[in-house]
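Below is one structure, written out as structure tokens; comments come after it.
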Amino acid sequence: MKHLREFAKSVPDYRRTGKGNHRHKLEDVLLLVILGRMGKCVTRADIIRFGNRYLKRFRALGLLLHGVPSEPTLCRIFKHIDDEAMSNRMSEFAVAFHDELVGFASDIISIDGKAMRGTVLENGRNPDIVSAYSLGGGITLATDMCREKSNEITAVPRLLDKIDVSGNIVTADAMFFQKTIIDKIREKGGDFLIELKANQRTLRYGIEDKVEVTEPVDVYSEGPFLEHGRIETRVCRVFRGEDLIADREKWNGNLTVIEIRTDTERKSNGQKSSERRFYVTSFNGSAKQLDTIARKHWAIETMHWDLDRNLRQDFIKRKSARAARNLDTIQRLVLSILSIWKGKRRKLSDKAKGTAELIGELSMNFTGIMRMLAQ
Numbered sequence: 002m003k004h005l006r007e008f009a010k011s012v013p014d015y016r017r018t019g020k021g022n023h024r025h026k027l028e029d030v031l032l033l034v035i036l037g038r039m040g041k042c043v044t045r046a047d048i049i050r051f052g053n054r055y056l057k058r059f060r061a062l063g064l065l066l067h068g069v070p071s072e073p074t075l076c077r078i079f080k081h082i083d084d085e086a087m088s089n090r091m092s093e094f095a096v097a098f099h100d101e102l103v104g105f106a107s108d109i110i111s112i113d114g115k116a117m118r119g120t121v122l123e124n125g126r127n128p129d130i131v132s133a134y135s136l137g138g139g140i141t142l143a144t145d146m147c148r149e150k151s152n153e154i155t156a157v158p159r160l161l162d163k164i165d166v167s168g169n170i171v172t173a174d175a176m177f178f179q180k181t182i183i184d185k186i187r188e189k190g191g192d193f194l195i196e197l198k199a200n201q202r203t204l205r206y207g208i209e210d211k212v213e214v215t216e217p218v219d220v221y222s223e224g225p226f227l228e229h230g231r232i233e234t235r236v237c238r239v240f241r242g243e244d245l246i247a248d249r250e251k252w253n254g255n256l257t258v259i260e261i262r263t264d265t266e267r268k269s270n271g272q273k274s275s276e277r278r279f280y281v282t283s284f285n286g287s288a289k290q291l292d293t294i295a296r297k298h299w300a301i302e303t304m305h306w307d308l309d310r311n312l313r314q315d316f317i318k319r320k321s322a323r324a325a326r327n328l329d330t331i332q333r334l335v336l337s338i339l340s341i342w343k344g345k346r347r348k349l350s351d352k353a354k355g356t357a358e359l360i361g362e363l364s365m366n367f368t369g370i371m372r373m374l375a376q
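If you count by our numbering, then the sequence shown holds residues 2 to 376, one letter each, in order.
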């Protein structure tokens, strides 16, 4: 709770606080919204009902001394808060717990973008937010919004400038296999593991042809195992980049090529399918390590699913990109709080709780929320 109040105080107030009559402190409004969203509030009306229901409890904490703000006030405030500044304050909140959660081990930082489909801007586009997600901590380390007439590729270098990737492994999907991004990761002292598809046509098809006649340096197999109603078998083969990559100088250093073959059989109808994926990495690890890192990248997709399924992000409509990003920042902060709580708990049953279960326990439960923040 101490860190949460520091976050709320640190967000710059866009209002001229030295002039005029400001009934509600920005800190109070932010804490109301954060605690409300932890208590399963989706709309502004839900948050206001939450505030009125526990107004005495808020006042005991020195908050909402002038009552609960109205729905237009909440709308106006989140439309004008500096979204970049609040996102940066959220990053500072997360980083304060990152080392405690991860320890001295290297972390896997996954990068991916997410469109906020509940908001449609005047140009017909959805706000697109790129984020860096710590797998070890289960927290969002930083976000950056794609600018108008831009895309996720140009946002990633700005995102990397906000985080420390030294000694860590950055994972991303094929869209981000770009020289500028790879050079930025190396410049900051990190390693990368990025999927390779046809957006790098010459590199992809050159590797695809050569792996058939090249001996792998390491092989790891697992399965068959049952997962999500499918019986899967995976084979990970690792190749030296100097044997497969023709234009090594372009990519600035020694690289390793990974081929993962997945054979799948659906348990319901016996339908079989196979898939072959390629990755390029600067990390020198065993086939088992590299296969695990490649699979763990999809944890960021689980976090995006939590935003949509449990916090209803795509259900909530906003009229401006700034308001949409501020909503995203608050929701990612809520997920980070839940992950920090699980990471600090000793009971295995607490660590195993999912987002839906935790939010269900905290639903309109002010006592439960405060107890969690105190632990």
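Virtual Cβ for every residue (Gly too), placed ideally from N, Cα, C.
Assigned with DSSP and collapsed to three states, Lys115 falls in strand. Taking all protein chains shown into account, Thr141 has 16 or more neighbouring C-beta atoms within 10 Å of its C-beta and is therefore buried. If you draw a straight line from the Cα of Phe59 to the Cα of Ile112, it is about 37 Å long. For the options Ser274, Glu266 and Lys211, the alpha carbon positioned closest to that of Gly230 is the one of Glu266. Looking at the DSSP output, Glu223 bridges to Arg235. In this model, Asp29 and Leu328 are separated by some 16 Å (Cα to Cα). DSSP places Ile182 in the helix class (H, G or I) of the three-state scheme. Given a length threshold of 3 residues, each whole run of the beta strand (DSSP E) inside the segment 190 to 219 is given here in chain order: 192 to 197.
With fewer than three CB-CB distances shorter than 8 Å, the segment 188 to 198 does not count as touching the segment 211 to 219. Cα atoms of Trp306 and Val12: separation of roughly 27 Å, rounded to the nearest angstrom.
Bridge pairing for Ser274: Thr265 [DSSP]. In the three-state scheme derived from DSSP, where H, G and I count as helix and E and B as strand, Phe105 is classed as coil.
The segment 119 to 128 and the segment 309 to 328 touch, with no fewer than 3 CB-CB distances between them shorter than 8 Å. Bounds of the alpha helix (DSSP H) holding Met39 are Leu27 to Met39. Nearest C-alpha to Lys180 among Glu250, Pro225 and Tyr206: Glu250.
For Thr141, the enclosing beta strand (DSSP E) has its first and last residue at Ile140 to Met146. Pairing Ala156 with Thr303, the inter-Cα distance amounts to about 21 Å. When only Cα atoms are considered, Pro158 and Met87 end up about 20 Å apart.
For Ile130, the secondary structure class from DSSP, reduced to helix, strand or coil, is strand. Counted as a single uninterrupted DSSP element, the alpha helix (DSSP H) harbouring Thr155 occupies residues Glu153 to Asp162.
Taking every protein chain shown into account, the CB of Pro73 has fewer than 16 other CB atoms within 10 angstroms, so this residue is exposed. Annotation: Ala175 is outside any alpha helix (DSSP H) and is labelled neither H nor E by DSSP. Under the three-state reduction of DSSP, Ile82 is assigned to coil, being neither helix nor strand. Take Leu27, set aside five residues on each side of it, and the residues of its chain with a beta-carbon closer than 6 Å to its own are Asp14, in chain order. In this chain, the alpha helix (DSSP H) harbouring Asp292 covers Ala288 to Lys297. For Leu339, the enclosing alpha helix (DSSP H) covers residues Ala322 to Lys345.
Burial check for Gly114: the Cβ neighbour count within 10 Å reaches 16 or more, so the residue is buried. Remark: C-beta atoms of Ala324 and Pro128 do not approach each other more closely than 7 Å.
With a contact defined as Cβ atoms closer than 8 Å, Glu223 and Arg238 miss out at about 13 Å. In its chain, beyond the 5 residues on either side, Ser135, Gly137 and Asn169 have a beta carbon closer than 6 Å to the beta carbon of Asp108.
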